[in-house]
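Written below as structure tokens is the structure these notes are about.
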Amino acid sequence: EKNLRAYLRKYYAEEVIKKIEKLMIRYVPVDITVRDSEDISLLKKELGAVELPTGTLRLKNQKVLAELEGFKTGKWWVQGISSAIPVKLLGNIHGLEVLDLFSAPGGKAMQLISAGAEVSCLDISSKRLELLKQNLVRMEMKAEIIRADIKKFKTKKKYDIILLDAPCSASGTILKNKDLIHLNPMERIYSLKKIQESALEAAKSWVKDSGRILYSTCSLFPEEGEEQIKNFLMKNKDWKQKEICPDKFGLDKDWLDKKGALRLRPDHLFELGGMDGFYASLLIKK
537 EKNLRAYLRK YYAEEVIKKI EKLMIRYVPV DITVRDSEDI SLLKKELGAV
587 ELPTGTLRLK NQKVLAELEG FKTGKWWVQG ISSAIPVKLL GNIHGLEVLD
637 LFSAPGGKAM QLISAGAEVS CLDISSKRLE LLKQNLVRME MKAEIIRADI
687 KKFKTKKKYD IILLDAPCSA SGTILKNKDL IHLNPMERIY SLKKIQESAL
737 EAAKSWVKDS GRILYSTCSL FPEEGEEQIK NFLMKNKDWK QKEICPDKFG
787 LDKDWLDKKG ALRLRPDHLF ELGGMDGFYA SLLIKK
């Protein structure tokens, strides 16, 4: 416990850490993403949900999710507000070709599809891909499924967008994964950083000249977010980071870092039960 707390203290104020600790003993809310924005107000009423600033619905009552209105008919899926924000930062992606890396179980892929993108989902785990396929069937959505190891994946095709939601320490999910408090971050981060770095390097070769990379992690550690992007931009002078405009996406200014990337913390939306910690950066070719 001391390990993680001491590690977070390097980057976050004591007040932030105390708020996170308070939230850890509270009940963790369930968020959902509604497929069609026109259904939000109706489902909000039917499910007795709270609408969060970015259009995500937060459920108050914890019933069996699969029995709730709209689940079986593919009107929504479970997805935390933090996880749902990165894809929204892409703006209008109708008709664009997207390669979604480490895609399963498919929350972001379903967002991309419902926004009208042509999506290819790549993942190494057949078990996780099975879950992705089940989700797509329920939602009546279609995507190209590619089972491959990103290190060995080869394609001549170039995409408009590469979505890289990279494997990480998941330290941002501490509110719902209480066991994370016992983890020694330094042990895992070293190998995860290598995966993130090589995935970013691979992604740049699969994107069109006019294309974008959306990089994200559900981590509170700058080594897996801010520092990865800083290192990537130092090595790749033909790329730059695009600043996110908070007003355009209904974001609080406090949810962005100094460089204009998304930096969400578990204590954001404190009064409503918090959110996962998340980092996301939008990269474009100069």
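Quick note: the sequence shown uses my numbering, first residue 537, plus one each step.
For glycine and all other residues, C-beta sits at the position ideal for the given N, C-alpha and C.
- With 16 or more neighbouring CB atoms inside 10 Å of its own CB, glycine 642 falls in the buried class.
- Taking 7 Å as the cut-off, the Cβ atoms of leucine 544 and leucine 818 do not count as close.
- For aspartate 788, same chain residues with a beta-carbon under 8 Å away, outside a window of 5 residues either side, are Pro589, Pro782 and His804 in chain order.
- Measuring C-alpha to C-alpha distances from aspartate 685 to each of Lys744, Ser752, Ser639 and Trp791 identifies Ser639 as the nearest.
- Contact between tyrosine 695 and tryptophan 742 holds, with the beta-carbon distance rounding to 6 Å and staying under 8 Å.
- Between lysine 712 and valine 564, the beta carbon gap of about 5 Å places them in contact (Cβ cut-off 8 Å).
- Pairwise C-beta distances place the segment 578–594 out of contact with the segment 546–559, as fewer than three of them are shorter than 8 Å.
- Each of Ile629, Glu762, Glu550 and Pro802 was checked against the Cα of lysine 795, and the nearest Cα belongs to Glu762.
- Residue pairing of phenylalanine 814 in beta bridges, as defined by DSSP: Leu800.
- Three or more Cβ pairs closer than 8 Å define a contact, and the segment 675–692 meets that threshold against the segment 730–740.
- It is roughly 4 Å from the alpha-carbon of methionine 675 to the alpha-carbon of glycine 610.
- With fewer than 16 other Cβ atoms inside 10 Å of its own Cβ, isoleucine 561 counts as exposed.
- With a cut-off of 8 Å on Cβ pairs, the segment 749–757 is in contact with the segment 700–710, counting three or more such pairs.
- Excluding its 5 nearest sequence neighbours in each direction, isoleucine 553 has C-beta neighbours in its own chain below 8 Å: Arg541, Leu544 and Arg545, listed in chain order.
- With a 10 Å radius around the Cβ and a threshold of 16 neighbouring Cβ atoms, leucine 635 comes out buried.
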